[in-house]
Structure formats: structure tokens, C-alpha cells
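Going by our numbering, the sequence shown opens with residue 1, and the numbers climb by one from there. To start, the structure under review is shown below, and the notes come after it.
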Amino acid sequence: MTHKRIGFFSAMGLAVALVVFQTACQQAAETPEQSEAPAAQEPASTASAPKSAPAGSSSTAATAPAAPKERTVTLVAGTQIKVRPTATLSTASQNAGDAFSSVLEEPITEGDWVIAPKGSTLEGKIVEADKGGRVQNVAHLTVALTSIKTASGETLAIATDSITVQAQTTKGKDATKVAIGTGIGAAIGAITGGGKGAGIGAATGAGAGTAVVLATRGDAAEIPAETVLEFKLSEPVTVTEKM
Numbered sequence: 001m002t003h004k005r006i007g008f009f010s011a012m013g014l015a016v017a018l019v020v021f022q023t024a025c026q027q028a029a030e031t032p033e034q035s036e037a038p039a040a041q042e043p044a045s046t047a048s049a050p051k052s053a054p055a056g057s058s059s060t061a062a063t064a065p066a067a068p069k070e071r072t073v074t075l076v077a078g079t080q081i082k083v084r085p086t087a088t089l090s091t092a093s094q095n096a097g098d099a100f101s102s103v104l105e106e107p108i109t110e111g112d113w114v115i116a117p118k119g120s121t122l123e124g125k126i127v128e129a130d131k132g133g134r135v136q137n138v139a140h141l142t143v144a145l146t147s148i149k150t151a152s153g154e155t156l157a158i159a160t161d162s163i164t165v166q167a168q169t170t171k172g173k174d175a176t177k178v179a180i181g182t183g184i185g186a187a188i189g190a191i192t193g194g195g196k197g198a199g200i201g202a203a204t205g206a207g208a209g210t211a212v213v214l215a216t217r218g219d220a221a222e223i224p225a226e227t228v229l230e231f232k233l234s235e236p237v238t239v240t241e242k243m
């Protein structure tokens, strides 16, 4: 009886051992398959990665800054420009080729665009400064504009007509000088030689008076500071401004 029990338990132990062994073998066989599962999922994650945008794509173009806008106008020949010189211009102090400054008296506009506001700076030049001959000719001064500073700060070269002023005639003053010279000569002649001497002295005095006039130039031609001068463009000029 004892031997039968021992055999029974031995058989049971062997059966349990076989079951444990089979279970272990099944787990060992299933483990590689489970470890390979994540690797099979990797392509999915790779496929979901965002693609980089190619160079020159529409997104890059959308962020590029827009080109600045410009507006352009051409001031035609004949456009009026009124200015005031900032200093007196005179043949007594200026020569041909000298520069002078002036300010704009009235704004230059095109619609609602103020090209150059009142007070803008303009440059000009002395075209001619003739001090005048003695007795017959009078002094004259000719000026023109050469550039203007616009509202945007740009300095534009311009060409305008010229303005000429003349000195006042000195004929009245000349006659007075001659008369004074004649009177003085007559007085001297009367003192030295009576009536005959007065005639000689008068002739001498007249010559002296004429000599004074011939040796003296006439008045200078001048344009006082702040005098309003109206020029006109002699050539068209194009103005461009960034908006």
C-alpha cells in the first residue's frame, strides 16, 4: 500500500513538472513576439513627423516685407515759385557766381500732397552783377534759383528764369554836383578877378564838377532782404517721395 502511494505522488509530481515546463516554454516563445511589437509601431511615429517646408515655399513668401510705395509728380515749366531772400543782395557786395539763400513764400502742392511747405529753403545764384558805368550806365543785378529742399528732406536741382533789378538813375544828383562845382568856381573867380575872373572861375568850376561826377559810380542795384521775388521754372522737374 505504501508503495502505491509513493508511485501515485511521483506520477503527480512528474505531471506538475511537465505542466510547469510547458508553461515556461510557451512564455519563452511569446516573449520575442511581444518585444518585436513596439518595433513594428516605429514606422507609424516616423510617418507622423512633420515635414519641413521647402525653400521658397508660400509661407516664406507670405512673411517677406512688401516693397515701399512711392508717388511721383512732375512740376512743369512755368510753375511759379515765390521766395524771400534772407539777406540783401547788392552789386556793392556781390559778384556774378555768388550764392544766396531764400525761403519759400507759398507752399508748392499737388492735390493734397505738399511737395515743399512754406518756409522751405531754396538756394540761388547771382547771374550778373554789373556795378554800372560812370554817368551814362546804371548798375543792375540779375539772380536765379538753383535748388529747393522738399518736405521729405531731399534737395532738388531746379532751373528758373532770372530776375533783374536796376539802380535808380543818378542824373539829378549828377546835375546838382555839376552846378555846385560851377558855383564854387564862379565865386573863386569873382574874388580873384572881378567879373572877368568870375567867368573864368565858373568855367574852371564846371570842369571840376564834371570831373567829380565822372570819378564817382552811381548807386548800387539792390534787392532788399525779405523782398518777395516770383520765379518760374524754366525746365520741368520730377519729384519722387516714399509713402
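Ideal Cβ positions, reconstructed from N, Cα and C, are used throughout, including at glycine. Computed from a prediction, not measured in an experiment: that's the story for all the values here.
What number of angstroms, rounded off, separates the C-alpha of residue i from the C-alpha of residue j?
| i | j | result |
| --- | --- | --- |
| residue 138 | residue 92 | 13 Å |
| residue 162 | residue 63 | 53 Å |
| residue 232 | residue 71 | 23 Å |
| residue 104 | residue 159 | 15 Å |
| residue 226 | residue 219 | 20 Å |
| residue 131 | residue 230 | 24 Å |
| residue 236 | residue 77 | 5 Å |
| residue 79 | residue 153 | 20 Å |
| residue 238 | residue 142 | 26 Å |
| residue 155 | residue 147 | 7 Å |
| residue 169 | residue 124 | 27 Å |
| residue 85 | residue 106 | 14 Å |
| residue 151 | residue 117 | 6 Å |
| residue 243 | residue 87 | 35 Å |
| residue 109 | residue 140 | 33 Å |
| residue 167 | residue 234 | 26 Å |
| residue 112 | residue 73 | 12 Å |
| residue 241 | residue 221 | 40 Å |
| residue 214 | residue 75 | Confidence in residue 214 is poor, its pLDDT being 41 and thus under 50, which makes the residue's placement unreliable; the coordinate value appears in the next sentence. If you take the alpha carbons of residue 214 and residue 75, they lie about 49 Å apart. |
Under the assumption that residue i contacts residue j (Cβ atoms under 8 Å), give the Cβ distance between them as a whole number of angstroms.
| i | j | result |
| --- | --- | --- |
| residue 144 | residue 127 | 5 Å |
| residue 223 | residue 122 | In fact, because the Cβ distance is near 14 Å, the residues do not count as touching under 8 Å. |
| residue 149 | residue 120 | 5 Å |
Would you decide whether residue i is buried or exposed? Buried here means 16 or more other CB atoms lie within 10 Å of its CB.
| i | result |
| --- | --- |
| residue 94 | buried |
| residue 157 | exposed |
| residue 228 | exposed |
| residue 129 | buried |
| residue 99 | exposed |
| residue 102 | buried |
| residue 68 | exposed |
| residue 66 | exposed |
| residue 96 | exposed |
Helix, strand or coil, according to DSSP, for residue i in the structure here?
| i | result |
| --- | --- |
| residue 63 | helix |
| residue 158 | coil |
| residue 69 | coil |
| residue 149 | strand |
| residue 228 | coil |
| residue 130 | strand |
| residue 166 | strand |
| residue 124 | strand |
| residue 235 | coil |
| residue 144 | strand |
| residue 138 | coil |
| residue 118 | coil |
Where in the region 74-106 do unbroken runs of the beta strand (DSSP E), each at least 3 residues long, occur, reported from the N-terminal end onward?
Fully enclosed beta strand (DSSP E) runs of 3 or longer: 80-85 and 99-104.
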